Amino acid sequence: MTAAAAKKHDRTPRIGANPRGVVLGTLAIGLGLPSALFAAVLVLSPVTKPFMIDAFIRNVLGQDPATFGYRNLLYGLSVAILAFVLINFGAIVSGMTVWWEMRVSSRMQSRVGYNRVGAGGFFQWVADAVKLLLKEDLIPAEADQLLFRASPYFVLTGFALTFVALPFGESLIAADLNVGIFYLIAVTALVVVGILLAGWSSNSKWALFGGMRSAAQVISYEIPAGIAIMIPVLMAGSLSMQDIIRAQGPWPWQWFLFTNPASLVAFLVFFISQLAEGNRTPFDLPEAESELVAGYLSEYSSFRFALFFLVEFGNLWVMAAIAVTLFLGGWQVPFAGPELFAELKGTGGMPGLGWWALQIVSMGVFALKTLFVLNLIVWVRWTLPRIRVDQMMVLCWKYLVPFAFVAFVATLLWQILLVQVPVARPVTGFALVGATAVVAAFFIRQTRRNIAAAGDRVDLTNW
Amino acid sequence: MTTDGIHERLKAVFGDDVGPLSEAKMDAFALVKKERIVEVCRFLKTEPGLELEFLEDETAVDWPKRNVIEIVYHLLSYRHRHGIVLKVELDRAAPVITTVETVWKTANWFEREIYDLFGVDFTGHPDLRRLLLPDDWVGHPLRKDYQDAGGWHGISSFRENPLVELRRLDEVRRAEAAKLNPPPPPSPPPAAPPAAGPAVPPAKA
Amino acid sequence: MEKLILRRVGMDHPDSEEMILNFGPQHPSTHGVINFIVETDGEVLKKAVPDVGYLHRSIEKIGEGVAYPGFMPYTDRVDYVAAMFANEGYALAIERLLKIDAPPRAHWLRAISGELVRIASHLVSVGTMAMDIGAFTPMLHGIRERETINDLIEELCGARLTYNYHRIGGVAFDAPNGWRDRVLKFLDHFDAFLVEFDRLISFNEIYIRRLANVAVIPGALAIDYGLVGPNLRGSGVDWDLRRDLPYGPWALPEFREKVKWSVPVGTGFMGTPGDCYDRYYIRCLEMKESSRIARQALESLPEGEVMAKVPRKIKPEAGEALGRVESARGELAYYVVCDGTEKAYRLRARTGSFTAMGIIEDISPGLMVADLVALIASLDVVAPEIDR
Chain G
1090 MTAAAAKKHD
1100 RTPRIGANPR
1110 GVVLGTLAIG
1120 LGLPSALFAA
1130 VLVLSPVTKP
1140 FMIDAFIRNV
1150 LGQDPATFGY
1160 RNLLYGLSVA
1170 ILAFVLINFG
1180 AIVSGMTVWW
1190 EMRVSSRMQS
1200 RVGYNRVGAG
1210 GFFQWVADAV
1220 KLLLKEDLIP
1230 AEADQLLFRA
1240 SPYFVLTGFA
1250 LTFVALPFGE
1260 SLIAADLNVG
1270 IFYLIAVTAL
1280 VVVGILLAGW
1290 SSNSKWALFG
1300 GMRSAAQVIS
1310 YEIPAGIAIM
1320 IPVLMAGSLS
1330 MQDIIRAQGP
1340 WPWQWFLFTN
1350 PASLVAFLVF
1360 FISQLAEGNR
1370 TPFDLPEAES
1380 ELVAGYLSEY
1390 SSFRFALFFL
1400 VEFGNLWVMA
1410 AIAVTLFLGG
1420 WQVPFAGPEL
1430 FAELKGTGGM
1440 PGLGWWALQI
1450 VSMGVFALKT
1460 LFVLNLIVWV
1470 RWTLPRIRVD
1480 QMMVLCWKYL
1490 VPFAFVAFVA
1500 TLLWQILLVQ
1510 VPVARPVTGF
1520 ALVGATAVVA
1530 AFFIRQTRRN
1540 IAAAGDRVDL
1550 TNW
Chain A
8 MTTDGIHERL
18 KAVFGDDVGP
28 LSEAKMDAFA
38 LVKKERIVEV
48 CRFLKTEPGL
58 ELEFLEDETA
68 VDWPKRNVIE
78 IVYHLLSYRH
88 RHGIVLKVEL
98 DRAAPVITTV
108 ETVWKTANWF
118 EREIYDLFGV
128 DFTGHPDLRR
138 LLLPDDWVGH
148 PLRKDYQDAG
158 GWHGISSFRE
168 NPLVELRRLD
178 EVRRAEAAKL
188 NPPPPPSPPP
198 AAPPAAGPAV
208 PPAKA
Chain H
36 MEKLILRRVG
46 MDHPDSEEMI
56 LNFGPQHPST
66 HGVINFIVET
76 DGEVLKKAVP
86 DVGYLHRSIE
96 KIGEGVAYPG
106 FMPYTDRVDY
116 VAAMFANEGY
126 ALAIERLLKI
136 DAPPRAHWLR
146 AISGELVRIA
156 SHLVSVGTMA
166 MDIGAFTPML
176 HGIRERETIN
186 DLIEELCGAR
196 LTYNYHRIGG
206 VAFDAPNGWR
216 DRVLKFLDHF
226 DAFLVEFDRL
236 ISFNEIYIRR
246 LANVAVIPGA
256 LAIDYGLVGP
266 NLRGSGVDWD
276 LRRDLPYGPW
286 ALPEFREKVK
296 WSVPVGTGFM
306 GTPGDCYDRY
316 YIRCLEMKES
326 SRIARQALES
336 LPEGEVMAKV
346 PRKIKPEAGE
356 ALGRVESARG
366 ELAYYVVCDG
376 TEKAYRLRAR
386 TGSFTAMGII
396 EDISPGLMVA
406 DLVALIASLD
416 VVAPEIDR
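These protein sequence lines map, in sequence, to chains G, A and H. Residues in the first sequence are numbered from 1090 upward in steps of one, following the numbering used here. Residues in the second sequence are numbered from 8 upward in steps of one, following the numbering used here. Residues in the third sequence are numbered from 36 upward in steps of one, following the numbering used here.
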């Protein structure tokens, strides 16, 4: 065989040397797919409102909306399409969160990580999903047949319903409920029902252990989470997600996180509680791999397992999104106040191109902030060990709940203070941002020193 | 204190129940009468100056020629850094001895292992059941006259020599293939068979 | 077939109401195939009874069937996580019977390879312990370091796990060219790594909370139950065979003069003496000491042969001997009875993990399930040592 032919047939994979086609293809799909979904959400969410449908019927179909026989059908259809897009968005986002988490974890653990399916192993989650679909669906003979089959759907419902009220952008929310955040808390509690059912119906002692632990954990941590959520609600004066975001500003010193010392505490309480609600380390007792193998998931295989996994990772996104909405200013774009949005929207009919562009920017800001918080959650998972059940309960009831209450009362007083001394708000904002920046600088400096002391160096090119 | 010193103290208290110290080939040991073993052990553990608080090893050796099973105790003292080896001889037909678990808790698992692998009965042991082998195993493997039962619950414990086995499997496979595709009836050979040597690989590769 | 072990957990009659669980034998956190029958009352254990024997390979019986030199590879399998010590103990026992002594260079190489393997074994131990407690990252960092050690030992003797390196009368191979410098370079890096490792996990608040004051084993109880090695030292007993009953290299005056080190003892670093944290942290400290020992030994490595003159057929005269070494898991002793033939008459391996299992049943009442995991991990039991 000639040398050229031999080289052509040589399929030895070279680690780190992806053919350009693969890299470009991965980038294309990796950026394109979420962008397409974002775009779909972008377009559909303002469009699938009754007045828009009426305008569509009136202008495009030339019929009178009041008497149009298929109006309800069109309403239903538009909602169905939006729901479909949102669930897909949830699933895709969950898959990409898996990729990000595995990537970060592999770097933290000094491993190469995923690197086969797509550049940087980007499509590994697709391969995993396909693999899970093709597995044998085992249902233990002793398990409760109906509940065993039903529990993944409780969990999936609880997860999917949250996307209805997540504010992706200035007008990009499927339903701007006036009880937005309250609805979200209520709906995420469905997940605990699913977990309990899964643990119970598996009819396996280890699964039962996992289910009980998880129920205790999630229900307990609803309390500090709920109290911590009240603080931005108090500061904004409304439960609606968009209102809470609009009450903040685009710059860090205008975020709720920094404009009120008590809300810093509230953010920490909220963050810890959300980790516990999402069964994330250090609170991953229900699925403590080294103790219970997979806890409540032990008996699940194939697609049902995939559903649980999808929800667990998608929940990271939801948690991060809620944290961003409440404390980090949501989609607020710097230099773009509400006047700019109103001006670009114009009056009547469809808004102009500038408005759409600004929506995209606000969506990008939201996504970036959510990714930042998501990275924080992933980071915490791969650093900290797991706490024990009784320590978890003690932490919740003896530490988080009192802290949350104190923060709540402090916020009440703060709101009163703000009425008297309105300048306290920006002053605190700047002060806390400054303090955070100093702490971050110390942290980075100390990290660099630690790395140098270990004889290593930071290598950011190692992707 | 040396082993000789410990032995002298033992002899002083127990007299003839403790045998003489054997030659050091390489470890010297002393035979103890089996009825007094627990007291000897307790004495060695608690006596100030001796304080052999660590039961390093307790095991058994099977001597079918002498018709005894020996239980061997290796004792060590952390405080004084000395040690001694004691042996007890048991009748091979019915090996029974009192447990020393009351003196050192370590003996619990050691004696369970001896029971499992040698069949020695320890009176007074709180939980004498097999340790390494399944509960319904028959026989005591470390005895010299142990015969393997050939299997356990249908899982065979004998395997023929792999070379022989694989050759036999090849024969079986060939016979089955021959049965499925009966060889073609012999036909007259062609007139001028081409040079049919072993297949020549194509020149390309 | 009724399992007799169930009687220990009160489950021998049909209408008992305890919740009995099987913890193993396949389980991510039992170190090897070990089964525990666990009787719980909610999260709190009433009793955890170990059920061993899944890895019983009758190595002691095999020892009666192979010649003395031929048994060396089997000793690797007695403890495959720290196989050097298993080799060394057996070689020592037979050398005592033959009344021969290995040459100095062999002794030095025994010490160096032993300490490197001790580091490797402790890395696995503390890494898997951290993983059992839920921190996944430290284990992989430990494994990364262990890879380098495996590579170094592979250069030395050709194998990464079951070394078969020691021989009766010395060691099999001499150190290759440049090996000494490579090991010293690794040790420099390793000392810095230990600091980073400590910062990552040893002083982590959650980790300390999980391990401190959990499953306290007082010193007297540890001796009574026959715990050895880091378990014993973690309970406060200052005993190390290398210093107190020296053998092989540790008994040579030149070695003792060139190699200075200390024995870490548990003093309740973060809680009570004898808790899980002590046993864990002792291993971290021991890794540091091993690095020290290896470095000093490498710098003072004498020239010479690596194997003594040993008869072709090894037939010691009738007698018996006990050869003990301080393995990563504590005292590993081989009791060899020979009757003048080429094969041993009785060959017994007394291992540290065996007696460590014996204590679990009596310490477990009152622990939580998560603490049982911590206890098993802190005792550093490996299944091959228990079952042989």
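Every residue, glycine too, gets a C-beta built ideally from N, C-alpha and C. Predicted, not measured: the structure shown is a model, and the values here were computed from it.
- A straight-line Cα-Cα distance of about 26 Å links residue 1335 of chain G and residue 1123 of chain G.
- Classified as exposed, residue 1457 of chain G has fewer than 16 neighbouring CB atoms from the shown chains inside 10 Å of its CB.
- For residue 70 of chain A, the enclosing beta strand (DSSP E) stretches over residues 61 to 70.
- Counting C-beta pairs closer than 8 Å gives three or more between the segment 88 to 99 of chain A and the segment 64 to 80 of chain A, which meets the contact rule.
- Around the CB of residue 112 of chain A, 16 or more other CB atoms lie within 10 Å, so the residue is classed as buried.
- By the neighbour-count criterion, in which a residue is buried when 16 or more other Cβ atoms sit within 10 angstroms of its Cβ, residue 1272 of chain G is buried.
- One thing to note: residue 312 of chain H has its Cβ within 7 Å of the Cβ of residue 247 of chain H.
- Restricted to the segment 92 to 136 of chain H, the alpha helix (DSSP H) segments that are unbroken, complete and at least 4 residues in length are 94 to 98, 107 to 111 and 118 to 133, listed in chain order.
- For residue 1360 of chain G, the closest C-alpha among the options G:1293, G:1464 and G:1330 is that of G:1464.
- The beta carbon of residue 183 of chain H does not come within 7 Å of any beta carbon belonging to chain G, so the residue lies off that interface.
- Residue 53 of chain A is outside the set of residues whose beta carbon lies under 7 Å from a beta carbon in chain H.
- Residue pairing by DSSP places residue 54 of chain H opposite H:75 in a beta bridge.
- As for any beta strand (DSSP E) of minimum length 3 sitting wholly inside the segment 94 to 154 of chain A, the runs are 103 to 105 and 128 to 130, ordered along the chain.
- Residue A:47 holds the alpha-carbon nearest to the alpha-carbon of residue 20 of chain A among A:127, A:87, A:41 and A:47.
- Secondary structure note for residue 316 of chain H: its alpha helix (DSSP H) is the uninterrupted segment 311 to 334.
- Under the criterion of beta carbons closer than 8 Å, residue 1314 of chain G and residue 1366 of chain G qualify as touching, at roughly 7 Å.
- What residue 1197 of chain G touches in chain H, judged by beta-carbon distance under 7 Å, is 172, going in chain order.
- For residue 88 of chain A, the three-state secondary structure derived from DSSP is coil.
- Interface residue (Cβ-Cβ distance to chain A less than 7 Å): residue 75 of chain H is not classified as such.
- Considering only G:1185, G:1278 and G:1229, the residue with the shortest C-alpha distance to residue 1216 of chain G is G:1185.
- In the structure shown, residue 33 of chain A falls within a strand segment according to DSSP collapsed to helix, strand and coil.
- By a beta-carbon distance limit of 8 Å, residue 290 of chain H contacts residue 146 of chain H. Their separation comes to about 7 Å.
- Within 9 Å of the CB of residue 239 of chain H, the CB atoms of chain G belong to 1472, 1473 and 1474, in sequence order along the chain.
- Only buried fits residue 366 of chain H, as 16 or more other CB atoms lie within 10 angstroms of its CB.
- If the five residues before and after residue 422 of chain H are omitted, its C-beta is found closer than 8 Å to the C-beta atoms of 87, 88, 89, 90, 91 and 92, all from its own chain and listed in chain order.
- In chain order, 1348 and 1507 place their CB closer than 7 Å to the CB of residue 1514 of chain G, counting only its own chain and leaving out the 5 sequence neighbours on each side.
- Residue-level contact check: residue 369 of chain H does not touch chain A, since none of the beta carbons of chain A fall below 7 Å from its beta carbon.
- Within 7 Å of the CB of residue 228 of chain H, the CB atoms of chain G belong to 1543, in sequence order along the chain.
- Among the residues facing chain G, residue 224 of chain H is included, as its CB has a counterpart in that chain under 7 Å away.
- The beta-carbon separation of residue 211 of chain H and residue 189 of chain H, rounded to 10 Å, does not stay under the 8 Å limit for a contact.
- Contact of residue 217 of chain H with chain G is not assigned, every C-beta pair being separated by 7 Å or more.
- Chain H places a beta carbon closer than 7 Å to that of residue 1371 of chain G, counting this residue as a contact.
- In the DSSP assignment, residue 75 of chain A falls within the unbroken beta strand (DSSP E) covering 75 to 83.
- Residue 114 of chain A and residue 319 of chain H have their C-alpha atoms roughly 30 Å apart.
- Here residue 203 of chain H carries a coil assignment [DSSP, helix/strand/coil].
- Note on residue 1110 of chain G: under 16 other CB atoms within 10 angstroms of its CB, so exposed under the neighbour-count rule.
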